[in-house]
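Peer 1:
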Ligand SMILES: Cc1cc2nc3c(=O)[nH]c(=O)nc-3n(C[C@H](O)[C@H](O)[C@H](O)COP(=O)(O)OP(=O)(O)OC[C@H]3O[C@@H](n4cnc5c(N)ncnc54)[C@H](O)[C@@H]3O)c2cc1C
Ligand code: FES
Ligand code: FES
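Here it is in structure tokens:
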């Protein structure tokens, strides 16, 4: 006999999980149902109205409730364009009616399509737990640190991911944005490679009087080529401060610096060689596109 | 007990929360509109509407419909929208073996109820999770377009 719980709110969900540590959490169930994990207690988070909310936080970040479905997000004008683009490439309408970003993150699959986008949006997992007296406390962890490995996340048995928070303010003035998913077909294909990138280049004189065309911000992330998405902040820092022309001059060097760090695997979907080449091409395309105004 | 609305009637089910909605619909309620194709969310043969949105019942936990409204082809058949789709599917030659047809019909209803005049790309996207091994899709897209053209005020 399996006990199902239908919390009406996030706080109630946390108190149920406190009383039943390790209870299975379900948002859309699109991963959980396919993997058929046996459980004694199940908490269906979709019944908690506030877990479906999408709200602006005080500092301008966008907080996406754990149970907000992809279909619901696609209708929300607050959703950043790059995430919109990414979600339209996930599965099919019927799966998007149920699936969630939190489910994608908590499932922690190597080919989770939202992950590269979340990485470049400096996303945080918002994690809650209820204390003995029923009060709920929350902590935040950057998504790359929250994901510990394939299907491994940094979540205690009494904790629940209540939302995913995106750094919209720093993304808002990125004047170059790029997302690409490479799969076997358009709908319903698990990615062979996915790629998310954004950058800010100065049009006139840049910050601190830097020359026009200075790269002021640069973020790229690769999906399906590691245990989780890959992003290399140290390489990004090296590129920031170059002008677009300087970066173009160092194109091959920059590409090799990235490729030294990316070690894709071969599996039934693709080969390591193909994946590596695609990563290189996508990064090259993005670097070249910086020369285009804006 | 899981209580929900099924094709307009209030029902309750003894199913376990993580049982597949597909099995509840077919087994417990004897509704054979939803079919089992892949059983993994990939083919759309088991599609139904939950609160008007398209879902694959083979990957929907039965518990997830608690308090919600489920419509399968069996219930949708009673509507004028269905009768028009039946007519245009037949006219366009959109049914061969028919295994995908219930799911396709639910996907057609899901898109037309949101967008009564979808263009062909929108229809293609709307049925992108419904696999058909027979028709090659164009006839199905034509059938849905035709229904949109003729469905003055239905959607
Ligand atoms: C046909 C099909 C096609 C697919 N295509 C794609 C694709 O193109 N790209 C892609 O990335 N994915 C794809 N997926 C995988 C899946 O749909 C996504 O990973 C989806 O985002 C999962 O969300 P969910 O809410 O359904 O997760 P669920 O199944 O509800 O949960 C997934 C896991 O996370 C845990 N969990 C859920 N919510 C929480 C929470 N709030 N706190 C802590 N843990 C939690 C669950 O216990 C479970 O282990 C596909 C799946 C199917 C069936
Ligand atoms: S049987 Fe449900 S999608 Fe194939
Ligand atoms: S008509 Fe045979 S699968 Fe579509």
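Protein chains in written order, with this note's numbering: chain A, 1 to 294; chain B, 1 to 155.
Backbone N, C-alpha and C define an ideal beta-carbon position, used for all residues, glycine too.
(1) Give, in chain order, every residue of the segment 11–27 of chain B whose Cβ lies closer than 8 Å to some Cβ of chain A.
(2) Assuming residue 288 of chain A is part of the alpha helix (DSSP H), what are its boundary residues?
(3) Considering only C-alpha positions, which residue in the set A:141, A:113 and A:129 is nearest to residue 123 of chain A?
(4) Any heavy atom of ligand 2 closer than 6 Å to the beta-carbon of residue 56 of chain B?
(5) Suppose you measure from the CA of residue 66 of chain A to the CA of residue 101 of chain A; what does that come to, to the nearest Å?
(6) Going by other Cβ atoms of all chains shown within 10 Å of its Cβ, with 16 needed for buried, is residue 121 of chain B buried or exposed?
(7) Go to residue 5 of chain B, then tell me how far its alpha helix (DSSP H) extends in each direction, as first and last residue.
(8) For the beta strand (DSSP E) that contains residue 243 of chain A, what are its first and last residues?
(9) Is any non-hydrogen atom of ligand 1 found closer than 6 Å to the C-beta of residue 160 of chain A, if you look at the structure I gave you?
(10) Might you give, ordered along the chain, the residues of its own chain that have their beta carbon closer than 7 Å to the beta carbon of residue 134 of chain A, omitting 5 neighbours on each side?
(11) Against chain A, does residue 47 of chain B count as a neighbour if the rule is that its beta carbon must be under 7 Å from one of theirs?
(12) Do you know offhand how far residue 154 of chain A's Cα is from residue 24 of chain A's?
(13) Nearest-angstrom Cα distance between residue 103 of chain B and residue 54 of chain B?
(14) For the segment 73–98 of chain A, which residues have a beta carbon sitting closer than 9 Å to at least one beta carbon of chain B?
(15) Is residue 7 of chain B closer than 7 Å to residue 71 of chain B when the C-beta atoms are compared?
(16) Which runs of the alpha helix (DSSP H), 4 residues or longer, sit entirely within the segment 131–183 of chain A?
(17) Give me the Cβ distance between residue 224 of chain A and residue 110 of chain A, rounded to the nearest whole Å; I'm assuming they're in contact under 8 Å.
(18) Please tell me whether residue 182 of chain A has its Cβ less than 7 Å away from any Cβ of chain B.
(19) Is residue 25 of chain A close to ligand 1? I mean its beta-carbon at under 6 Å from any heavy atom of the ligand.
(20) Who are residue 195 of chain A's beta bridge partners in DSSP?
(21) Decide yes or no for the touch test of the segment 170–182 of chain A against the segment 73–93 of chain A: beta carbon pairs closer than 8 Å, at least 3 of them.
(22) Excluding the 5 residues preceding and the 5 following residue 101 of chain B in the sequence, name in chain order all residues of the same chain whose CB lies nearer than 8 Å to its CB.
(23) Report, in whole angstroms, the separation of the C-beta atoms of residue 47 of chain B and residue 36 of chain B, which I expect to be a contact under 8 Å.
(24) To the nearest angstrom, report how far apart residue 5 of chain A and residue 235 of chain A are at their CA atoms.
(25) Determine, for residue 66 of chain B, whether the minimum Cβ-Cβ distance to residues of chain A falls below 7 Å.
(26) Please list the partners that residue 60 of chain B has in chain A, where partner means a Cβ-to-Cβ separation under 8 Å.
(27) Please list, in chain order, the residues of the segment 230–259 of chain A that have any C-beta partner in chain B closer than 9 Å.
(28) Of all the CB atoms in chain B, is at least one closer than 7 Å to the CB of residue 112 of chain A?
(29) Using a Cβ cut-off of 9 Å, which residues of the segment 119–141 of chain A contact any Cβ in chain B, in chain order?
(30) Hey, does residue 44 of chain A have any beta-carbon neighbour from chain B nearer than 7 Å?
(31) Is residue 162 of chain B near ligand 3, in the sense that its beta carbon is under 6 Å from a heavy atom of that ligand?
(32) Within 10 angstroms of its Cβ, does residue 138 of chain A collect 16 or more other Cβ (buried), or is it exposed?
(33) So, does the segment 129–136 of chain B touch the segment 145–155 of chain B, judging by three or more C-beta pairs under 8 Å?
(34) With a threshold of 16 other CB atoms inside 10 Å of the CB of residue 94 of chain A, please say whether the residue is buried or exposed.
(35) For the segment 247–263 of chain A against the segment 279–291 of chain A, are there 3 or more C-beta pairs whose distance is under 8 Å?
(36) Find out if the Cβ-Cβ distance for the pair residue 98 of chain A, residue 51 of chain A is shorter than 7 Å.
Peer 2: The answer reads as follows:
(1) Correct list: 16, 17, 18 and 20.
(2) It spans 272–289 - the alpha helix (DSSP H) in which residue 288 of chain A sits, taken as one unbroken run.
(3) Taking residue 123 of chain A as reference, the option from A:141, A:113 and A:129 with the minimal CA-CA separation is A:141.
(4) Residue 56 of chain B: yes, Cβ under 6 Å from ligand 2.
(5) 7 Å
(6) Per the 10 Å Cβ criterion, exposed.
(7) No alpha helix (DSSP H) holds residue 5 of chain B; the beta strand (DSSP E) holding it covers 2–6.
(8) From DSSP, residue 243 of chain A is part of no beta strand (DSSP E); its letter is neither H nor E.
(9) yes
(10) Close CB contacts of residue 134 of chain A within its chain, under the 7 Å cut and outside five residues either way in sequence, are with 15 (chain order).
(11) Answer yes: the Cβ-Cβ gap between residue 47 of chain B and chain A drops below 7 Å somewhere.
(12) 15 Å
(13) 9 Å
(14) 88, 91, 92, 93, 94, 95, 96, 97 and 98
(15) yes
(16) 143–146 and 168–172
(17) 6 Å
(18) no
(19) Yes, the beta carbon of residue 25 of chain A sits closer than 6 Å to at least one heavy atom of ligand 1.
(20) A:180 and A:222
(21) yes
(22) 89, 94 and 95
(23) Going by Cβ atoms, the distance from residue 47 of chain B to residue 36 of chain B rounds to 12 Å, so no, they are not a contact pair.
(24) 46 Å
(25) yes
(26) 29, 33 and 98
(27) Listed in sequence order: no entries.
(28) no
(29) none
(30) Judged by the 7 Å Cβ criterion, residue 44 of chain A is in contact with chain B.
(31) No statement about residue 162 of chain B is possible, as the shown extent of chain B runs from 1 to 155 and does not include it.
(32) exposed
(33) no
(34) buried
(35) Contact between the segment 247–263 of chain A and the segment 279–291 of chain A is present, because at least three Cβ pairs lie under 8 Å.
(36) no
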